[in-house]
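Read through the structure below, which is laid out as structure tokens, and then see the notes.
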Amino acid sequence: MSPIPISYFESLRPEMLAQLAAFVSIESPSLDKPALDRMGAALRAALQPLGAQVRIDAQAETGNNIVATWPGADGSTQGGFVIMCHFDTVHPVGMLAENPVRMADGWMYGPGIIDMKGSLTQVLFALRALREQQRWPAWPLTLLLTSDEEVGSNSSRPLITSLGAAAGLVLCMEPALPDGALKTARKGIGGFTVTAHGRAAHAGADHANGVNAIAEMAQQVQALQALTDYPRGTTVSTG
């Protein structure tokens, strides 16, 4: 089967840019549920013409996650091909006023374009291309859109693990490296809380019996920071 002509995608460029600008104009920081759900509503509207079966994974504190499914040729919705994206960003509400959506020198600028509303737009138009060009796959296809990737994926992790484990192939549409190379792996992350307990004593009359928790924690911070090893890809951040 021949590839879809690049001219087809070039013809969609104005629509793609307009859709991307619309997504970026909906600010969606990770910890703002109302803002995230507004973005989720825009994504569901964009999915509607694509014929997906859309399920909402409702969340009380974070934005609702979205699972869009297209059954395979045999009617199955299990396994197949999973595409993962997130629609939360690190930018707080109000950043758009400081960094508005704009075109300059052939590039679009705005908060969240790279990570990862540009990817969201590309995925939606790729799915549209598969439908319009009669290239839709015979196997089941699932698009998972999560709302909390930037803060650890705590609410979406059950969906990620269950859908990923059942899939034959998973693509995570994170942006490319600065040189354009595809990312084939990402570092894992762990979060830890360290607590130091001191012992109160009079600073003048009983100094020797005191235990300074702040001084201990300062040493722990230095020791933890020293674990950073760039050649091995290990980084430690305290704070």
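Counting in the working numbering, the sequence shown runs from 1 upward without gaps.
Where a beta carbon is used, it is the ideal one built from N, C-alpha and C, also for glycine.
Here the structure is a predicted model, which means the values were calculated and not measured.
Which residue from A208, H197, N212 and V151 puts its Cα closest to that of G190?
Start at 1 with the first residue of the sequence shown, and residue 190 comes out as number 190. That would be V151, whose Cα lies nearest to the Cα of G190.
Whole-angstrom distance between P49 and Q133, CA atom to CA atom:
Within the sequence shown, numbered from 1, the residue matching residue 133 stands at position 133. Within the sequence shown, numbered from 1, the residue matching residue 49 stands at position 49. So the alpha carbons of these two residues sit roughly 15 Å apart.
Do M116 and E174 have their beta-carbon atoms positioned less than 9 Å apart in this structure?
As a first step, residue 174 must be located in the sequence shown, where it is residue number 174. As a first step, residue 116 must be located in the sequence shown, where it is residue number 116. Contact: yes.
Output the boundary residues of the beta strand (DSSP E) element that contains Y230.
Taking the first residue of the sequence shown as position 1, residue 230 is located at position 230. Looking at the DSSP string, Y230 is not in any beta strand (DSSP E), and its letter there is neither H nor E.
Taking 9 Å as the threshold (C-beta atoms), are L145 and V67 in contact?
Looking up residue 67 in the sequence shown gives position 67. Looking up residue 145 in the sequence shown gives position 145. For V67 and L145, yes; Cβs fall inside 9 Å.
Cβ neighbours of M217 in the same chain (closer than 8 Å, five flanking residues each side left out):
The residue you call residue 217 lines up with position 217 of the sequence shown. These residues qualify, in order along the chain: V194 and A196.
Shortest alpha-carbon distance to W70 belongs to which of G180, L130 and P34?
Position 70 of the sequence shown, counted from the first residue, corresponds to residue 70. It is L130.
Judging by CA-CA distance, which residue of G63, A226, A167 and Y8 is the nearest neighbour of F87?
Your numbering for residue 87 matches position 87 in the sequence shown. Comparing Cα positions, the closest option is G63.
Three-way DSSP call (helix, strand, coil) for V123 in this model
Here residue 123 refers to the residue found at position 123 when the sequence shown is read from its first residue. Three-state DSSP puts V123 in a helix.
Can you tell me whether DSSP reads D37 as helix, strand or coil?
Within the sequence shown, numbered from 1, the residue matching residue 37 stands at position 37. Three-state result, D37: helix.
Is H207 near A201, with beta carbons less than 9 Å apart?
For this step, residue 207 is matched to residue 207 along the sequence shown. For this step, residue 201 is matched to residue 201 along the sequence shown. Cβ atoms of H207 and A201: closer than 9 Å.
Element boundaries [alpha helix (DSSP H), containing L145]
Taking the sequence shown and counting its residues from 1, one reaches residue 145 at position 145. Taken as a continuous stretch (DSSP letters only), L145 belongs to no alpha helix (DSSP H), being part of the beta strand (DSSP E) at L141 to T146.
First and last residue of the alpha helix (DSSP H) that includes R13?
Mapped onto the sequence shown, residue 13 falls at position 13. I6 to V24 is the extent of the alpha helix (DSSP H) around R13.
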